[in-house]
Ligand code: FES
Ligand code: FES
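Residue numbers (our numbering): 3 to 369.
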């Protein structure tokens, strides 16, 4: 049987453990609730005075832009916490259990949010699975509400431009919001990076100018950290900063396909994507297609079938063909022509290009 002083010691040891169990349970409850919002969410954890009572027109504007994006807003303060979802007309309260002091501490721990005593607010962009895509606690010039409205407006504009590219709607919204946040809170928005893998190069130093942010690109299996202005396109980052000039710049407007690369195994026009939107996703350029001295089957087929003349469009044609073969949607010459129609060849080598692609397809060689 325990002596009284032993029982007291036991209880003393148990107290911190119980505190962690409670905090972990609250963190899990936060995550589950945020996932249940069912949309990308802008999470703002703010000191009471920082959120305050926003001007009605600003708030209506913020709601309108969130509706256009299909994104939610979750505001957590000591005094009042609420959620606005794009498909519900009114603000909803955050569950009582989460809006307590203990709940706030669990949220701080879950997303690395600093306590309101240290920073006026932290803005975190979450995807629909509750994963962090970007975070900032920079003081916004012009005030938090006005800057948030400008950010959301800019994201809506980006979304319209990016819907031409092959992404899911939610991915477009998240990428557009990340880019808009980076622009609005330029100096200190931290697009969220996964921890570096073993052997990855050491983290780069702080950005050298106020308008530059750190951007992590994973190109052909190598991780690069670049200091870039948020407006830099993926194409320019590849060519001008990483010296991967195999990816060509033709129109720079998404019309010729010369800049095609694979992003997350899908073909995209690198001139239409901001580098900041391509962070931490695998990017394959023409330089990464071959295995050492061994050409990729498509490269070999283009040579064999004489599918080029000046060669300027060729890297884009090959990368687009690589994406096409993965998609498995083209089964005839006509379907190949249709699905390669975004890649223009001024030399008119189309007949041989289709022949090269079909020869790889029919050979059944893995690509
Ligand atoms: S350079 Fe990108 S589509 Fe023409
Ligand atoms: S080979 Fe010259 S543009 Fe296609």
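No residue lacks a Cβ here, since even glycine has one placed at the ideal position from N, Cα and C. The model shown is predicted, which means the values in this text are computed figures rather than measured ones.
Between which two residues does the beta strand (DSSP E) containing residue i stretch?
i: residue 229; result: 224-230
i: residue 317; result: Looking at the DSSP string, residue 317 is not in any beta strand (DSSP E); the run it does join, the alpha helix (DSSP H), is 316-329.
i: residue 233; result: Segment: none, residue 233 is in no beta strand (DSSP E) and carries neither H nor E.
i: residue 39; result: Run containing residue 39: none; DSSP gives neither H nor E here.
i: residue 269; result: 268-271
i: residue 217; result: 215-221
i: residue 263; result: 262-265
i: residue 338; result: Premise fails: residue 338 lies in the alpha helix (DSSP H), 335-341, not in any beta strand (DSSP E).
i: residue 347; result: Careful: residue 347 lies outside any beta strand (DSSP E) and carries neither H nor E.
i: residue 309; result: It is not in any beta strand (DSSP E) - residue 309 carries neither H nor E in the DSSP assignment.
i: residue 85; result: 83-86
i: residue 284; result: 284-286
i: residue 127; result: 123-128
Span of the alpha helix (DSSP H) holding residue i?
i: residue 59; result: 58-71
i: residue 354; result: 352-365
i: residue 301; result: 299-306
i: residue 99; result: That residue, residue 99, is in no alpha helix (DSSP H); it is neither H nor E in DSSP.
i: residue 45; result: Note, residue 45: premise wrong, no alpha helix (DSSP H); beta strand (DSSP E) at 43-48.
Have a look at residue i and residue j and give me their C-alpha separation to the nearest angstrom.
i: residue 147; j: residue 288; result: 44 Å
i: residue 144; j: residue 58; result: 16 Å
i: residue 150; j: residue 303; result: 51 Å
i: residue 179; j: residue 160; result: 8 Å
i: residue 257; j: residue 341; result: 14 Å
i: residue 85; j: residue 70; result: 16 Å
i: residue 361; j: residue 330; result: 14 Å
i: residue 89; j: residue 68; result: 10 Å
i: residue 25; j: residue 298; result: 52 Å
i: residue 136; j: residue 215; result: 12 Å
i: residue 40; j: residue 364; result: 43 Å
i: residue 281; j: residue 101; result: 33 Å
i: residue 51; j: residue 65; result: 21 Å
i: residue 95; j: residue 262; result: 46 Å
i: residue 244; j: residue 27; result: 45 Å
i: residue 98; j: residue 336; result: 59 Å
i: residue 172; j: residue 38; result: 15 Å
i: residue 346; j: residue 157; result: 30 Å
i: residue 72; j: residue 109; result: 23 Å
i: residue 221; j: residue 368; result: 21 Å
For residue i, count neighbouring Cβ atoms within 10 angstroms of its own Cβ and tell me buried if that reaches 16, exposed if not.
i: residue 197; result: Below a pLDDT of 50, predicted positions are generally treated as unreliable, and residue 197, at 42, falls in that range; no measurement from the model is reported.
i: residue 290; result: buried
i: residue 328; result: exposed
i: residue 353; result: exposed
i: residue 334; result: exposed
i: residue 315; result: buried
i: residue 305; result: exposed
i: residue 293; result: exposed
i: residue 312; result: exposed
i: residue 273; result: buried
i: residue 83; result: buried
i: residue 307; result: buried
i: residue 366; result: exposed
i: residue 87; result: buried
i: residue 63; result: buried
i: residue 81; result: exposed
Which same chain residues end up closer than 6 Å to residue i when comparing Cβ atoms and leaving out the 5 residues on each side of it in sequence?
i: residue 323; result: 300, 359
i: residue 103; result: none
i: residue 296; result: none
i: residue 177; result: 279
i: residue 155; result: 67
i: residue 344; result: 259
Do residue i and ligand 4 come close, with the Cβ less than 8 Å from some heavy atom?
i: residue 344; result: Looking for ligand 4 in the displayed structure turns up nothing; the ligands present are ligand 1 and ligand 2.
So, for residue i: in the same chain, excluding its five sequence neighbours on each side, which residues have a beta-carbon less than 8 Å away from its beta-carbon?
i: residue 277; result: 217, 219, 228, 230, 234, 235, 236, 238, 239
i: residue 202; result: Only weak support is given to the placement of residue 202: the predicted model assigns it a pLDDT of 48, under 50, and the value that follows is read from those uncertain coordinates. The answer, listed in chain order, is 225.
i: residue 36; result: 43, 45, 76, 128, 132
i: residue 309; result: 303, 316, 319, 351, 354, 355, 357, 358
i: residue 348; result: 312, 314, 315
i: residue 223; result: 284, 290
i: residue 55; result: none
Ignore the nearest five residues each way along the sequence and tell me which others in residue i's own chain have a CB closer than 7 Å to its CB.
i: residue 241; result: 247, 249, 251
i: residue 121; result: 139
i: residue 112; result: 29, 32, 33
i: residue 325; result: 264, 268, 269
i: residue 107; result: 25
i: residue 271; result: 167, 256, 259, 261, 262
4 or more residues per run - each alpha helix (DSSP H) lying fully within the segment 136-162: none
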